[in-house]
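What follows is one structure encoded as structure tokens, with my remarks underneath.
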Amino acid sequence: MKHISTSIIAGLALCAAAVNAAASSQLTQPKFDIVLDKPKFVLPQFTGPYQEREASIVPSEYEAAERMRGLLDSGEKGEVLKELETFYSIELSPAMLTLKAQIYFSLEMYDKAEDTYLTVLKRMPQLVRVHSDLGQLYLVKEDYSKAREHFARAVALGSNDAMIHGQLGYLNLMLHGPYAAISSYQQAAALEPSNFQWQQGLLSALTQAEMFTEAQAQLKQMIAQKPNSPELWLNQAALSLHQEDYRRALTSLEMALALGDKDLRNIKTAAQLHLHLGSYDRAVALLDRALSSGKLEMASLNEYFSWLSQLGMWDKAQQMLQSTASHVDQFNRNDKSQYYFLRARLDANRGQVESAKAHFRQALEQDPTNGACLVEFAAFSAKQKNYVDAELLYLRAESISGFEKQALLGRAQVYVDMQDYPAALNQMKAAFQKFPDMLELRNNIDILENIVRTRESI
33 MKHISTSIIA GLALCAAAVN AAASSQLTQP KFDIVLDKPK FVLPQFTGPY QEREASIVPS
93 EYEAAERMRG LLDSGEKGEV LKELETFYSI ELSPAMLTLK AQIYFSLEMY DKAEDTYLTV
153 LKRMPQLVRV HSDLGQLYLV KEDYSKAREH FARAVALGSN DAMIHGQLGY LNLMLHGPYA
213 AISSYQQAAA LEPSNFQWQQ GLLSALTQAE MFTEAQAQLK QMIAQKPNSP ELWLNQAALS
273 LHQEDYRRAL TSLEMALALG DKDLRNIKTA AQLHLHLGSY DRAVALLDRA LSSGKLEMAS
333 LNEYFSWLSQ LGMWDKAQQM LQSTASHVDQ FNRNDKSQYY FLRARLDANR GQVESAKAHF
393 RQALEQDPTN GACLVEFAAF SAKQKNYVDA ELLYLRAESI SGFEKQALLG RAQVYVDMQD
453 YPAALNQMKA AFQKFPDMLE LRNNIDILEN IVRTRESI
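Here's what the structure looks like:
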């Protein structure tokens, strides 16, 4: 009988371990994040005065056009607009009407500018400049779909303006994905090879399209032009991570930090990479740097603790928690609960039983629904043979989403440890009914049923 019950205990312990491993798998699988700027461009609010080559003014407008040119050169847009508004739209040529729309645009009278541009296009739908201006206007109004439509029309009508191609690339990237953006960015870069904005857009599109060889070639060229740009080294780090070249990613990330990048998320990723590659001293130094910033969030602190605990660096974990103790009052209740939970886990690992109990209780006082804390406190109590406390803690955890499986198995283990096999059997059946995918429970249920029947027959 003793041999059988020992097998059950071992089996149940393995089940609980499997559940715990599944819950913590995100800690053991490295996931590295680099914070990059998004592609962007400078948006001109007004593209300048009307160019005669795009449409012709009628002879009757020559005198007025020269007078308006003088006023525009003097910056008196309001006076020009006042004169233009004395005419009905039908009285103005498409060229003068375009000028009117541009002045509305420059004075941020966007709705009137839009209506006027559309009136021009009804009369001359192939005016490249008007499609270009209207695309700019829709960008200002954040109507990106219409902006893309008019930029694409301008390109289709023969526009060879790098700005139009670049903006079309940006909008295609945002609205239709990287493959739709690559050609436009390449055209913009071909027209303006020294424009860094188009190179950055092309790099982003190539990377998102997972064309890593092409992206690497583009990035190499950009770094040669601007070797002291932290952003480019961050891009190199991100690209290396995509290719799972962790050493190159770390070297690039360290270069970005050395050149002045101060984003805590990048510092955290650098520390994580050092831990992953075994350079613990530098990892700890970066963690210290993050902690000393005073801007550390509880989520990051929890990550750091998990990394250090997995590596058995308990002294450093303790030092980290002690260094943040003075900031606990600034945390909300959930973060305070998580902080005390980490303290409890540290104490438990070090065999400091009473201190661990106190910190577990503090954590649950701050957040009674901290499921991870309830489950771990229950397991800790069971290990101390405080079975009543363990049972109550597991019962509380069973009602919390995401922890029911661990709690059901944990309470079954408590009943086995107490040799209350009928209760253990009922608990395991309840677990199997709710989680039928745990087929390994079936064997333990059969063993427990045999034990219960044997005892009842004695």
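Each residue of the sequence shown is one higher than the one before, starting from 33 at the first, in this note's numbering.
The beta carbon of each residue, even a glycine, is placed where N, CA and C say it ideally should be.
Just so you know, these numbers come straight off a predicted model, no measurement behind them.
Exposed or buried, residue i, counting other C-beta atoms within 10 Å across all chains shown (16 or more means buried)?
i, result
"E430", "buried"
"P496", "Residue coverage of the chain in this structure runs from 33 to 490, which leaves residue 496 outside it and unanswerable."
"T486", "exposed"
"R428", "buried"
"Q451", "exposed"
"W265", "buried"
"W492", "One cannot answer for residue 492 here, as it falls past the ends of the chain, which runs 33 to 490."
"E408", "buried"
"A331", "exposed"
"Q253", "exposed"
"L471", "exposed"
"K132", "buried"
"S216", "buried"
"T245", "exposed"
"Y136", "buried"
"Q158", "exposed"
"N475", "exposed"
"S56", "Residue placement at S56 is poorly supported in this model, since its pLDDT is 43, which falls under 50; the coordinates are not used for a value here."
"D147", "exposed"
"I122", "exposed"
"D379", "buried"
"E423", "buried"
"K466", "exposed"
"D30", "The structure shown does not extend to residue 30, since the chain is modelled only from 33 to 490, so the question has no answer here."
"A270", "buried"
In this structure, does DSSP put residue i in helix, strand or coil?
i, result
"G498", "Not covered by the structure: residue 498. The range shown for the chain is 33 to 490."
"P454", "helix"
"R85", "Note that R85 scores a pLDDT of 36, beneath 50, so its modelled location is shaky and nothing firm can be said."
"T239", "helix"
"M470", "coil"
"Q445", "helix"
"G209", "coil"
"M195", "helix"
"K72", "Unreliable positioning characterises K72 in this predicted model, as indicated by a pLDDT of 49, which lies under 50. A coordinate reading is not provided."
"Q158", "coil"
"S355", "helix"
"P259", "coil"
"S433", "coil"
"F363", "coil"
"D165", "helix"
"D175", "coil"
"G190", "coil"
"A414", "helix"
"Q58", "Its pLDDT being 36, under 50, Q58 is placed unreliably by the model, and the measurement read from it follows with that caveat. It is helical."
"S125", "coil"
"L139", "coil"
"N482", "helix"
"S226", "coil"
So residue i and residue j are supposed to be a Cβ contact under 8 Å. How far apart are they, rounded?
i, j, result
"A411", "F392", "No, A411 and F392 are not in contact; Cβ-Cβ is about 11 Å, not under 8 Å."
"A241", "Y211", "5 Å"
"Y149", "V160", "Between V160 and Y149 the Cβ distance is about 13 Å, and since that is not below 8 Å, they are no contact."
"F480", "A456", "Position check: residue 480 holds Leu in this sequence, whereas Phe was assumed. That pair is a contact at about 6 Å."
"L503", "L291", "Lying before the first or after the last residue shown, residue 503 is absent from the chain, which here runs from 33 to 490."
"M460", "I483", "The pair is not a contact, with the Cβ atoms about 12 Å apart (cut-off 8 Å)."
"T556", "V112", "Nothing can be reported for residue 556: it is not among the residues displayed for the chain, which extend from 33 to 490."
Step through the CB atoms of chain C and report whether any lies within less than 8 Å of the CB of residue i.
i, result
"M450", "Of the chains in the structure shown, none is chain C; there is only one protein chain."
Taking a contact to mean a Cβ-Cβ separation below 8 Å, would you say residue i touches residue j in this structure?
i, j, result
"R365", "Q398", "yes"
"N334", "Q370", "yes"
"R185", "L207", "no"
"S164", "S138", "no"
"G233", "G201", "yes"
"Q250", "L273", "no"
"Y453", "A439", "no"
"L323", "A302", "no"
"Q168", "G198", "no"
"L307", "L353", "no"
"P259", "D293", "no"
"V446", "A404", "no"
"A573", "L171", "No statement about residue 573 is possible, as the shown extent of the chain runs from 33 to 490 and does not include it."
"L289", "A237", "no"
"F373", "N418", "no"
"A349", "F337", "yes"
"V385", "Q416", "yes"
Return yes when the C-beta of residue i is under 7 Å from any heavy atom of the ligand NAD, and no when it is not.
i, result
"L129", "Ligands are entirely absent from the displayed structure, and the ligand NAD is therefore not among its contents."
Unbroken stretches of the alpha helix (DSSP H), 4 residues or longer, contained in the segment 366–402: 385–398
Write down every uninterrupted run of the alpha helix (DSSP H) in the segment 267–342 whose length is 4 residues or greater and which is fully enclosed by it, in chain order. 278–290, 296–309, 312–324, 330–342
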